[in-house]
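Peer 1: Dropping a structure here in structure tokens format, bear with me for questions.
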Amino acid sequence: MRHRIALRVGLVGFRIGSDWRAPIAALDALYRDYPRADFAHYSVRLEAASLARRWLRPAVRTMGDYHLPDAAPLALAHGLLAAEMGMNLQVALGHRRHLLLHAAVVARGDRAILMSGVSGAGKSTLALLLSQRGWRFLGDEFALIDLTTGLAHPFPRPISLKNESVALIPPDRLTGPLLSGTPKGEVRHVAPDAAAVAAMDEPARPALMIFPRFGFPLTLQGMAPTETFVRLTQASTNYVALGEAGFRALTRLRAEVPAVALDYPDGEAGVAAVESIWSAL
Amino acid sequence: MAVPRYRAAEAALLIVEPLDIFTAVYHRPSGITHLLNEPAPQILEALDEAPLDIEALLARLAGTYDLGDADEDDTAILRVRLDELEAAGLVDRL
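Protein sequences, first through last, are from chains S and F.
Heads up, the first sequence is in this note's numbering, so the first residue is 1 and it goes up one at a time.
Heads up, the second sequence is in this note's numbering, so the first residue is 1001 and it goes up one at a time.
Printed below as a string of structure tokens:
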């Protein structure tokens, strides 16, 4: 394609091509501190929805090794979001090397917390707040659990904050443009701090799993083994595809790592609760 | 007609992970994960060593678990469980 960039995020290399310069320039700026990949596991292509739509009310269709045929094209102004969603999709549908869990991951030293929840559960916001309090950010989208060792490998992509959460971005952090009127509302990407990017080849041992839920009175509950098992299978995008290896990795994680369900009313209370659970381990 | 006997799927085909009141069973040939609760894991265990017909299985389970009186209802219930396990490939009918 006319414009392209190759990026490495942890163990995953991406090649992103585009009919337009702007989305690639936005990626180049947001991924300033990331290595440029010399090998790509996955390709994403940002294509004009039709020949005319390259120039006239330009609309981006996200293609790649994997794509969603029914996905509506995005405005060119939202090209960065299209690229980020395309990169997520390749990993969600294509990655088989690790057990993938839809989760944010932070670590202290070589021990990690996995925070798993549906969109809106607040895992990205919690991960950002914790990363400002001495926690290493390993990712807010996917936990990559090694099938042999059980370690969590970093996949520290920029954090995508939406709507009210956009205001939480610290002023000194590298951000993408503020994207208004996207299908997810107002979106802004914030790059992980440089230390998190520099440490993206250092895995951590899962030591705690939290299933957070934002916007509820503060409640902390233990989880029965079956509940944890089922929640993990729901959180994984490739559990079925991995077959026996997925079952073994998931049951190991369930057996070795304590799990709690945390309801929290706001970010400050959430961070305080996470710190307190951690110190009681 | 001979009374059917049942046998658990070959142990090598299953990975059994006891959780709590549920047991997760991964069935290798299909790649499907089953979550079983009582008495299904106990049925698999009882049928692991040797094939049993339904009466012998009931007697075996009644010796270990409280299934109430071994009346006709228990046999009918056990038959339904066996049919389910057979459909899932976890039990073979001989």
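Where a beta carbon is used, it is the ideal one built from N, C-alpha and C, also for glycine.
Kindly give me the distance between the Cβ atoms of F155(S) and V9(S), rounded to whole angstroms, as I take these residues to be in contact under 8 angstroms.
Peer 2: That belief holds up - the Cβ atoms of F155(S) and V9(S) are roughly 6 angstroms apart, short of 8 angstroms.
Peer 1: Would you kindly work out how many angstroms separate the C-alpha atoms of G203(S) and L138(S), rounded to a whole number?
Peer 2: One detail in the question is off: residue 203(S) reads as Pro in this sequence, not Gly. Going by the C-alpha atoms only, they are around 9 angstroms apart.
Peer 1: May I have a chain-ordered list of the alpha helix (DSSP H) segments no shorter than 4 residues that lie completely inside the stretch 1016–1083 of chain F?
Peer 2: With a minimum length of 4 residues, the continuous alpha helix (DSSP H) runs that stay inside the stretch 1016–1083 of chain F are 1040–1049 and 1054–1064.
Peer 1: Do you know whose CA, among A245(S), G64(S) and D110(S), lies nearest L147(S)'s CA?
Peer 2: Measuring from the Cα of L147(S), the nearest candidate turns out to be A245(S).
Peer 1: Spatial neighbours of L30(S) within its chain, please: CB distance less than 8 angstroms, with the 5 preceding and 5 following residues excluded, ordered by chain position.
Peer 2: Within the same chain, L30(S) has close Cβ partners L80, P158, L174, T175, G176, H189 and A191.
Peer 1: Between which two residues does the alpha helix (DSSP H) containing A287(S) stretch?
Peer 2: Residue 287(S) lies beyond the range of chain S shown here (1 to 281); nothing can be said about it.
Peer 1: Tell me which residues of the stretch 241–272 of chain S have at least one Cβ-Cβ distance to chain F shorter than 7 angstroms, keeping chain order.
Peer 2: Result list: G243, E244, F247 and T251.
Peer 1: Could you list which residues in chain F have their beta carbon closer than 7 angstroms to that of P225(S), in chain order?
Peer 2: L1019 and D1020, listed in chain order.
Peer 1: Roughly how many whole angstroms lie between the Cα atoms of M87(S) and A1050(F)?
Peer 2: M87(S) and A1050(F): Cα-Cα distance of roughly 52 angstroms.
Peer 1: Please name the residue in L1036(F), L1057(F) and E1086(F) whose C-alpha comes closest to that of T1075(F).
Peer 2: Comparing Cα positions, the closest option is L1057(F).
Peer 1: Using only the alpha-carbon positions, how far apart do A1024(F) and Q234(S) sit?
Peer 2: Whole-angstrom Cα-Cα distance: 15 angstroms.
Peer 1: Please determine if the stretch 208–222 of chain S and the stretch 59–79 of chain S are in contact, where contact requires at least 3 C-beta pairs separated by less than 8 angstroms.
Peer 2: The answer is no - the stretch 59–79 of chain S does not touch the stretch 208–222 of chain S, with fewer than three Cβ pairs under 8 angstroms.
Peer 1: Could you check whether G1089(F) and G243(S) sit closer than 9 angstroms to each other, using their CB atoms as the reference points?
Peer 2: Going by C-beta atoms, G243(S) is not nearer than 9 angstroms to G1089(F).
Peer 1: Sorted by chain position, which residues of the same chain lie with C-beta nearer than 7 angstroms to V1016(F)'s C-beta, five sequence neighbours on each side aside?
Peer 2: Closer than 7 angstroms at Cβ, skipping near neighbours: T1023 and V1025.
Peer 1: Chain F beta carbons: is any one of them nearer than 9 angstroms to that of F211(S)?
Peer 2: So no, F211(S) is outside the interface.
Peer 1: Quick one: list the residues of chain S neighbouring R1060(F), beta-carbon separation under 9 angstroms, in chain order.
Peer 2: Here the premise fails: no neighbours, minimum Cβ distance about 26 angstroms.
Peer 1: Whole angstroms is fine: what's the gap from A1062(F)'s alpha carbon to M223(S)'s?
Peer 2: About 32 angstroms.
Peer 1: Taking only three categories from DSSP, how would you classify P23(S)?
Peer 2: Note: P23(S) maps to helix in three-state DSSP.
Peer 1: Within the same chain, show all residues whose beta-carbon is closer than 7 angstroms to that of L1078(F), passing over the 5 residues directly before and after it, in chain order.
Peer 2: The answer, listed in chain order, is I1054, L1057 and L1058.
Peer 1: Just how far apart, CA to CA, sit L168(S) and P206(S)?
Peer 2: C-alpha separation (whole angstroms): 27 angstroms.
Peer 1: Taking the beta strand (DSSP E) that G86(S) belongs to, which residues open and close that run?
Peer 2: It is not in any beta strand (DSSP E) - G86(S) instead sits in the alpha helix (DSSP H) that spans G79 to G94.
Peer 1: Helix or strand or just coil, what does DSSP make of F229(S)?
Peer 2: Residue state, collapsed to three classes: helix.
Peer 1: Using the C-alpha atoms, what's the distance from A48(S) back to V257(S)?
Peer 2: Near 46 angstroms, if we compare the C-alpha coordinates of A48(S) and V257(S).
Peer 1: Can you check DSSP and say which residues form a bridge with E47(S)?
Peer 2: According to DSSP, E47(S) bridges with R61(S).
Peer 1: If we call anything under 9 angstroms between Cβ atoms a contact, is E1038(F) one with Y1065(F)?
Peer 2: It is a contact, given that the beta carbons lie within the stated cut-off.
Peer 1: Can you tell me whether T62(S) is buried or exposed, with buried defined as 16 or more other CB within 10 angstroms of its CB?
Peer 2: Under this definition T62(S) is a buried residue.
Peer 1: State buried or exposed for I113(S), treating a residue as buried only when at least 16 other CB atoms are found within 10 Å of its CB.
Peer 2: Burial call: buried.
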